[in-house]
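Trainee:
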Amino acid sequence: MKKSILILSIVLVSVVTQAQDAASVFRAAGTPENPKVQVSWNRYYTHSGITEICKKLAAAHPDLVKLSSIGKSYQGREMWLLTVTDFKKGKPEEKPGFYIDGNIHSNEIQGSEMALYTAWYLAETFKDVAFIKELLADKVFYIVPTINPDARDHYMKEPNSPHSPRSGVIPVDNDRDGLIDEDGFDDLNGDGHITMMIRKSPTGRMKKDPNDSRRLIPAKPDEQGEYEMLGFEGLDNDGDGRVNEDGTGFYDPNRDWGWKWQPNHIQGGAYKYPFSIPENRNVRDFVMAHPNIAGAQSFHNSGGMLLRGPGAAEDADSYNNDDVRIYDAIGKKGELLIPGYRYLVVHKDLYTAWGGELDWFNSGRGIFTFSNELFTSYMYFNRQGSGQEDMYAFDQSLLFGDAIVPWQEYDHPQFGKIEIGGVKKNFTRADPGFLLESDAHRNMAFCIYHAYHMPKLVVEEMTEKSLGGGLTEITVVITNKRMIPTHSSIDLRYKIERPDYISIQGPKVIAGMVVENRDHNIAREQKNNPNVLEVNNIPGMGSVTVRWIVSGAKNYTIKVDSRKGGVVTRGK
Amino acid sequence: MKYRILTGLFLLACAQVGFGQQYSNHVQVSQRVKSLESAHGSLVKLRSLAKTAGGKDIWVLEIGSGNRDNNPAVVVAGGVEGSLILSQELALGFAERLLAGASTDSVKALLASTAFYVFPNVSPDATEQYFAKVRYERSGNASATDDDRDGKINEDPFEDLNNDGLITMVRVEDATGRWKTHPADARIMVQANTEKGEQGKYILISEGTDTDKDGKFNEDGEGGVHFNKNLTFDPPYFEKGAGEHPVSEVETRAVLDYLYDRFNVFAVIAFGPANNLSEPWKYDRSKAGRIATGILEQDVKYNKLASELYKQHVKQKDAPAASPQKGDFVQWAYFHYGRQSFSTPGWWAPKFEVPKDSASAAKYKPNADKNVDVDFIRWAEREGQDVFVNWQKINHPDFPGKVAEAGGFKPFVKTTPPASAITKLTDEHTKFIIALAQNKPQVDLVNLKTESLDNGVSRVTVTLQNKGGFPAIAQVARNNNFVKLVKVNLVLSKDQTIFGGNKITLLNELDAGESKELTWLIKGKGKITLEAGAPQSGVKKVDVNL
Chain A
6 MKKSILILSI VLVSVVTQAQ DAASVFRAAG TPENPKVQVS WNRYYTHSGI TEICKKLAAA
66 HPDLVKLSSI GKSYQGREMW LLTVTDFKKG KPEEKPGFYI DGNIHSNEIQ GSEMALYTAW
126 YLAETFKDVA FIKELLADKV FYIVPTINPD ARDHYMKEPN SPHSPRSGVI PVDNDRDGLI
186 DEDGFDDLNG DGHITMMIRK SPTGRMKKDP NDSRRLIPAK PDEQGEYEML GFEGLDNDGD
246 GRVNEDGTGF YDPNRDWGWK WQPNHIQGGA YKYPFSIPEN RNVRDFVMAH PNIAGAQSFH
306 NSGGMLLRGP GAAEDADSYN NDDVRIYDAI GKKGELLIPG YRYLVVHKDL YTAWGGELDW
366 FNSGRGIFTF SNELFTSYMY FNRQGSGQED MYAFDQSLLF GDAIVPWQEY DHPQFGKIEI
426 GGVKKNFTRA DPGFLLESDA HRNMAFCIYH AYHMPKLVVE EMTEKSLGGG LTEITVVITN
486 KRMIPTHSSI DLRYKIERPD YISIQGPKVI AGMVVENRDH NIAREQKNNP NVLEVNNIPG
546 MGSVTVRWIV SGAKNYTIKV DSRKGGVVTR GK
Chain B
3 MKYRILTGLF LLACAQVGFG QQYSNHVQVS QRVKSLESAH GSLVKLRSLA KTAGGKDIWV
63 LEIGSGNRDN NPAVVVAGGV EGSLILSQEL ALGFAERLLA GASTDSVKAL LASTAFYVFP
123 NVSPDATEQY FAKVRYERSG NASATDDDRD GKINEDPFED LNNDGLITMV RVEDATGRWK
183 THPADARIMV QANTEKGEQG KYILISEGTD TDKDGKFNED GEGGVHFNKN LTFDPPYFEK
243 GAGEHPVSEV ETRAVLDYLY DRFNVFAVIA FGPANNLSEP WKYDRSKAGR IATGILEQDV
303 KYNKLASELY KQHVKQKDAP AASPQKGDFV QWAYFHYGRQ SFSTPGWWAP KFEVPKDSAS
363 AAKYKPNADK NVDVDFIRWA EREGQDVFVN WQKINHPDFP GKVAEAGGFK PFVKTTPPAS
423 AITKLTDEHT KFIIALAQNK PQVDLVNLKT ESLDNGVSRV TVTLQNKGGF PAIAQVARNN
483 NFVKLVKVNL VLSKDQTIFG GNKITLLNEL DAGESKELTW LIKGKGKITL EAGAPQSGVK
543 KVDVNL
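If you read the protein sequences in the order shown, they are chains A and B.
Numbering-wise, my numbering puts 61 at position 56 of the first sequence, and it's gapless, one number per residue.
Numbering-wise, my numbering puts 224 at position 222 of the second sequence, and it's gapless, one number per residue.
Printed below as a string of structure tokens:
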């Protein structure tokens, strides 16, 4: 018996890891019908599951995917990085980079699957889809599926609600009483989910919905209620008169970044100082070491939002019109690509958040960055305005009750006779299984659109004019074929990245200049080191013109070396 | 041979500790902290929190007897601004004097109830420039930084054009220059006031050439991030010395990690450029918004208390106003760390007055605009100090054919007193720190009363009191997660139950002198224990038998 189970599981494993017989599948448009790495995109993966998928992708696509770690988490888990590009075409660090991470909030899990899906899709469609082939020749994707792996596993393996832990797992004294994590949730009914506690009460203002008794609704103003709500499942473990006031964590990893950071008494959730959380520190080190990153996405959940900064009204100045125009173009496109999602600004449409990741990327590094809040109640029945009623109906009709725990009586040591039940941790914020792949694909498409519009520099024109006496004037036009400039306006304001270098190799350079107006022949000479001309920016959908006066102009090479625009050369 | 080394060390120790007449480099500071630990093992623990990019230790001396981390603590920090060389003498000198007096009753009692965490120097990379072959005032550590953010690192440093081992200034006669000499003293350079029709005669630049030919002089030399610009309160972004973001450096992280773990700290004393001890911070309603940028109203009186103690013990007068600066330590310690936070440069040049008698006064031309440099050089020369390099002609490659001269104030002289002043300054500052520590917040339980009611029920009443001079929690820290609440915990024996009152009471304020009555109804006989306090205010325990 045991032996046959073993054989069976070996067979199963080999089926999962190998491509299927080509004769037995037929391609659905836009999806690799016979991928080298088979992954089910209708379920979630723990850190070890993510590790396995990452390793398989790197092993199956050695010229497209490389696996490394950006460092270890607080508890010592590897923070995996997939570098996805056409490694046969150019050096990755000389291509504009698009950074994706997920799961910064540990309960916001599906960002990891969406990040992984993106890596998988790029690698598996490379051979068939010309657009992807060109994209990976031009750009590099840096994908870190989870930047909170410890608490991801905590969320999945320990009792939690849809909203917990959110934090990482570094122990913190939340209630300042000198004890650490002494009064967290208690899974009273032992089902692995932290649901709600309610109690019958003559003064309660809630009642059970007559159409679905699993749902608690407010009594009408003139109606007697039946129940009062007592909060999430738990006990007063430390006898201080409060329940669940000091559990796992708590700090908010997304209030820990190095732009306009504020301490916890101003910005709830802030830890000690920017990048005081080790996982964020690893991301910071990686980003600082990869100045080619020009676009970024940090996946969150939920609500169907395509968010840009700033996180605080006081910081509105950090996003000026030039940059906002580009954000608007990408955001509006996103609303089309992902029905039900809206393009919003954090501080205006959501709340004030100091020290968020997207603000550091944008304002501290000059990287155009979105945070997508994945999954939205729109997806229950593909209609606006879905509320709790639709949520319960969706569970009943499409999940057949799998996402909600029915009320169950319980004798609570402090509250007496209560009932426990409600939404399981994997519902309301995480995509239900059958919607996950679709949501992942659309969000990936949004990232690809964003990534596609990182700079693409071309040496467009090289014109020679003889000046007599063996001197030649060479005029070179560099164009940027995409929307995003090599330097955002905040980058230009603070000189975050160095200027772009445009150089000529070959002839003897007598003088070099940046041409400001070619028609009227207005140029600014660069006296020092004229071989390597420095330009502050190569604007999106725009160009810069430079000029050299040289002697001996037979053969030469023009090289454009831009941190965020990549390195391109053209010879004559 | 060995004997000679020992004698040499002994002499060195006398020179530095016994007479305190020299400034110490990092090697010497390291020797001094190690010898403190070996001489006072039971009272001192020495730790190196980190090695800087320049390979230097961030030392901290933990001082106190018994289980010192359980006592309210004072942090003393030197090197907050690396160019203030005196600061490490004051911090380390405090530790040395405190321990030298550890056998006296008053210091013994203080060390049994108070801890001191002393950082001699949090900017050791920068301070070392004082002892280098070419000296200049430096606050940046040894991290490689691109100060002018042009993509090149350290490409335009100072140069010692006149080979005197000092980086001073260069003035170049030029019709477009904006500088002229001061009418009271032609050595002092001032900007021409064009509104008054004055004309400049000189270009004034730092000592060096425009190595990278970008039109700017010495804008990117060796010297990285300033500790005192690298903290989280109102940080300067992308300025020279600020770092790529707040707390980017090994030193700042090490110091903050260490302090955030020490909940027992109630006050931080920084020897740095800001001064809120000669003149305490004032309350300004317009700075008290959601993100406060000025001291909070109820904290003002404690800054006043510290200032009074300071002026009682430190006798220098006429301190120049010295506001805090962006990203600095003193504001971090108050606004973000949530502790009492005080700072002083420790020394400033005394005010110079032209002598009253007319013979002496005649030597001085009138300093009509009260130029501080003119006053400073007059004071220094009266004291017999050599603070100035006289202007002398040099050949400056960037100004061929022009008259160029190197000269100006020697580096460090304006902030660093002669070494002979160290002893007195250290003595005075030591007395101040001890006085401040003796005012620490102190939670006590008094007026304990037990009443026996019927049927084995007792009423216990007690008054919680802060008998210290400082509050248990500053107003700025009432909602700060890194400052513990004052907790009153009732520990019951078996078979006892509470009918009234809270088992645990948490308070986020207890001002100096404030008291609060607490009462419980308890059923059952035997011992109960009341514990009250917080790490920064000490914990008082009382056993009661019912």
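Note that CB positions come from ideal geometry on N, CA and C, so glycine has one too.
The structure displayed is predicted, hence computed values, not measured ones.
Look at A:ILE554 and A:THR484 and say whether their C-beta atoms are less than 9 Å apart.
Mentor: By one-based count along the first sequence, residue 554 of chain A stands at place 549. By one-based count along the first sequence, residue 484 of chain A stands at place 479. In this structure, A:THR484 does not lie closer than 9 Å to A:ILE554 by Cβ.
Trainee: Straight-line CA distance for A:ALA321 to A:GLN302?
Mentor: Numbered from its first residue, the first sequence carries residue 321 of chain A at position 316. Numbered from its first residue, the first sequence carries residue 302 of chain A at position 297. Whole-angstrom Cα-Cα distance: 20 Å.
Trainee: Entirely within the region 42 to 102 of chain B and at least 4 residues each: give me those alpha helix (DSSP H) ranges in chain order.
Mentor: Entirely contained in the region 42 to 102 of chain B, the alpha helix (DSSP H) runs reaching 4 residues are, in chain order, 87 to 102.
Trainee: Would you identify the three-state DSSP class for A:GLU539, choosing helix, strand or coil?
Mentor: Taking the first sequence and counting its residues from 1, the one referred to as residue 539 of chain A is at position 534. Three-state DSSP puts A:GLU539 in a strand.
Trainee: Using only the alpha-carbon positions, how far apart do A:MET234 and A:SER111 sit?
Mentor: As a position in the first sequence, residue 234 of chain A is number 229, starting the count at 1. As a position in the first sequence, residue 111 of chain A is number 106, starting the count at 1. Each residue's Cα considered, the two are about 26 Å apart.
Trainee: Is B:THR183 helix, strand or coil when you go by DSSP?
Mentor: Taking the first residue of the second sequence as 1, we reach residue 183 of chain B at position 181. B:THR183 falls in the strand class under three-state DSSP.
Trainee: In the region 163 to 238 of chain A, which residue ranges form an unbroken beta strand (DSSP E) of at least 3 residues, counting only runs that do not cross its ends?
Mentor: Whole beta strand (DSSP E) segments, 3+ residues: 201 to 205, 211 to 214, 217 to 223, 232 to 237.
Trainee: Output, in sequence order along the chain, the residues in the region 216 to 239 of chain B whose CB is closer than 7 Å to any CB in chain A.
Mentor: Under the 7 Å Cβ criterion, the region 216 to 239 of chain B contributes ASP216, THR234, TYR239.
Trainee: Using only the alpha-carbon positions, how far apart do A:PHE255 and B:ASN482 sit?
Mentor: Here the question's residue 255 of chain A lines up with position 250 in the first sequence. Here the question's residue 482 of chain B lines up with position 480 in the second sequence. For A:PHE255 and B:ASN482, the distance between alpha carbons rounds to 14 Å.
Trainee: Decide if B:ALA351 is buried, meaning its Cβ has at least 16 other Cβ atoms within 10 Å, or exposed.
Mentor: The sequence position of residue 351 of chain B within the second sequence is 349, counting from 1. Answer is buried; the Cβ neighbour count reaches 16.
Trainee: With distances taken Cα to Cα, identify the nearest neighbour of B:LYS218 among B:VAL227, B:ILE207, B:ILE396.
Mentor: As a working mapping, residue 218 of chain B is identified with position 216 in the second sequence. Nearest option by C-alpha distance: B:ILE207.
Trainee: Looking only at its chain, what residues have a beta carbon closer than 6 Å to the beta carbon of B:ALA479, apart from the 5 residues adjacent to it on each side?
Mentor: As a working note, residue 479 of chain B is residue 477 in the second sequence. Only GLY340, VAL485 meet the Cβ criterion.
Trainee: Go to A:TYR122, then tell me how far its beta strand (DSSP E) extends in each direction, as first and last residue.
Mentor: Numbered from its first residue, the first sequence carries residue 122 of chain A at position 117. Where A:TYR122 is concerned, there is no enclosing beta strand (DSSP E), although the alpha helix (DSSP H) it sits in stretches over 115 to 130.
Trainee: Listed from N- to C-terminal order along the chain, which residues in the region 41 to 65 of chain B have their beta-carbon within a distance smaller than 7 Å of any beta-carbon of chain A?
Mentor: From the region 41 to 65 of chain B, no residue has a Cβ closer than 7 Å to chain A.
Trainee: Identify whether A:VAL572 lies in helix, strand or coil by the three-state DSSP scheme.
Mentor: Looking up residue 572 of chain A in the first sequence gives position 567. Strand, per DSSP.
Trainee: Look at A:ASN297 and A:ILE495 and say whether their C-beta atoms are less than 9 Å apart.
Mentor: Sequence index remark: in the first sequence, residue 297 of chain A carries index 292 (1-based). Sequence index remark: in the first sequence, residue 495 of chain A carries index 490 (1-based). Cβ atoms of A:ASN297 and A:ILE495: not closer than 9 Å.
Trainee: A:ARG503 touches chain B at which residues, Cβ-Cβ below 9 Å?
Mentor: Here residue 503 of chain A refers to the residue found at position 498 when the first sequence is read from its first residue. Result: ASP148, ARG151, ASP152, GLY153, LYS154.
Trainee: How would you label A:LYS559, buried or exposed, when you count the other beta carbons within 10 angstroms and need 16 or more for buried?
Mentor: Within the first sequence, the letter at position 554 stands for residue 559 of chain A. With fewer than 16 other Cβ atoms within 10 Å, it is exposed.
Trainee: Bridge partners of B:GLN440, per DSSP?
Mentor: Reading the second sequence from its first residue, position 438 is the one you call residue 440 of chain B. Answer is none; B:GLN440 lacks a bridge partner.
Trainee: What in chain A is Cβ-close to B:ILE2, meaning under 9 Å?
Mentor: Not covered by the structure: residue 2 of chain B. The range shown for chain B is 3 to 548.
Trainee: Go ahead and label B:THR9 buried or exposed: buried means 16 or more other beta carbons lie within 10 angstroms of its beta carbon, across all protein chains shown.
Mentor: For the purposes of this step, residue 9 of chain B is identified with residue 7 of the second sequence, where counting begins at 1. Confidence is the limiting factor: at B:THR9 the pLDDT is only 41, short of 50, which leaves the residue's position unreliable, though a coordinate-based value still follows. Exposed, because fewer than 16 other Cβ atoms sit within 10 Å of the Cβ of B:THR9.
Trainee: So what does DSSP say about B:ASP162, is it helix, strand or coil?
Mentor: One-based indexing of the second sequence puts residue 162 of chain B at position 160. Coil.
Trainee: Counting only beta-carbon separations shorter than 9 Å, does A:VAL174 have a partner in chain B?
Mentor: Reading the first sequence from its first residue, position 169 is the one you call residue 174 of chain A. Answer no: the Cβ-Cβ gap between A:VAL174 and chain B never drops below 9 Å.
Trainee: Taking 8 Å as the cut-off, does the region 198 to 218 of chain A touch the region 174 to 186 of chain A (at least 3 CB pairs, one atom from each stretch)?
Mentor: With a cut-off of 8 Å, the region 198 to 218 of chain A and the region 174 to 186 of chain A do not count as touching, because too few Cβ pairs lie within range.
Trainee: Taking Cβ to Cβ, would you say B:ARG384 is nearer than 9 Å to B:ASP187?
Mentor: Within the second sequence, the letter at position 382 stands for residue 384 of chain B. Within the second sequence, the letter at position 185 stands for residue 187 of chain B. Not in contact: B:ARG384 and B:ASP187 (Cβ atoms no closer than 9 Å).
Trainee: Closer than 7 Å by beta-carbon distance: list the chain A residues that pair up with B:LEU447, in chain order.
Mentor: Taking the second sequence and counting its residues from 1, the one referred to as residue 447 of chain B is at position 445. Within chain A, no residue comes near B:LEU447; the closest Cβ sits about 17 Å away, beyond 7 Å.
Trainee: Just checking: is the beta-carbon of A:ASP328 within a distance shorter than 9 Å of some beta-carbon in chain B?
Mentor: Position 323 of the first sequence, counted from the start, is the residue given in the question as residue 328 of chain A. No, no contact with chain B.
Trainee: According to DSSP, what are the bridge partners of B:GLU519?
Mentor: Here residue 519 of chain B is taken as the residue at index 517 of the second sequence, counted from 1. Beta-bridge pairing links B:GLU519 to B:THR465.
Trainee: Checking 9 Å against the spacing of the C-beta atoms, do B:TRP283 and B:GLN318 come in under that value?
Mentor: As a position in the second sequence, residue 283 of chain B is number 281, starting the count at 1. As a position in the second sequence, residue 318 of chain B is number 316, starting the count at 1. It is not a contact, given that the beta carbons lie outside the stated cut-off.
Trainee: Run through DSSP, which three-state label would B:ALA406 get?
Mentor: Within the second sequence, the letter at position 404 stands for residue 406 of chain B. Three-state DSSP puts B:ALA406 in a strand.
Trainee: Please report how far the alpha carbon of A:LYS337 lies from the alpha carbon of A:TYR346, in whole angstroms.
Mentor: The residue given as residue 337 of chain A occupies position 332 in the first sequence. The residue given as residue 346 of chain A occupies position 341 in the first sequence. Straight-line Cα distance between these residues: approximately 10 Å.
Trainee: Does A:GLN25 pass the burial test, meaning 16 or more other C-beta atoms within 10 Å, or should it be called exposed?
Mentor: As a position in the first sequence, residue 25 of chain A is number 20, starting the count at 1. Classification for A:GLN25: exposed.
Trainee: What does A:ASP182 reach in chain B if we use C-beta pairs closer than 9 Å?
Mentor: Here residue 182 of chain A is taken as the residue at index 177 of the first sequence, counted from 1. Going along chain B in sequence order, the residues near A:ASP182 (Cβ under 9 Å) are LYS486, LEU487, LYS489, ASN491, ILE506, LEU508.
Trainee: Would you call B:VAL31 buried or exposed, if buried means 16 or more other Cβ atoms sit within 10 Å of its Cβ?
Mentor: Numbered from 1 along the second sequence, position 29 holds the residue referred to as residue 31 of chain B. So B:VAL31 ends up on the buried side.
Trainee: Can you tell me whether DSSP reads B:SER145 as helix, strand or coil?
Mentor: Here residue 145 of chain B refers to the residue found at position 143 when the second sequence is read from its first residue. Note: B:SER145 maps to coil in three-state DSSP.
Trainee: Look at B:VAL270 and B:GLN314 and say whether their C-beta atoms are less than 9 Å apart.
Mentor: Mapped onto the second sequence, residue 270 of chain B falls at position 268. Mapped onto the second sequence, residue 314 of chain B falls at position 312. No, the Cβ-Cβ distance between B:VAL270 and B:GLN314 is not below 9 Å.
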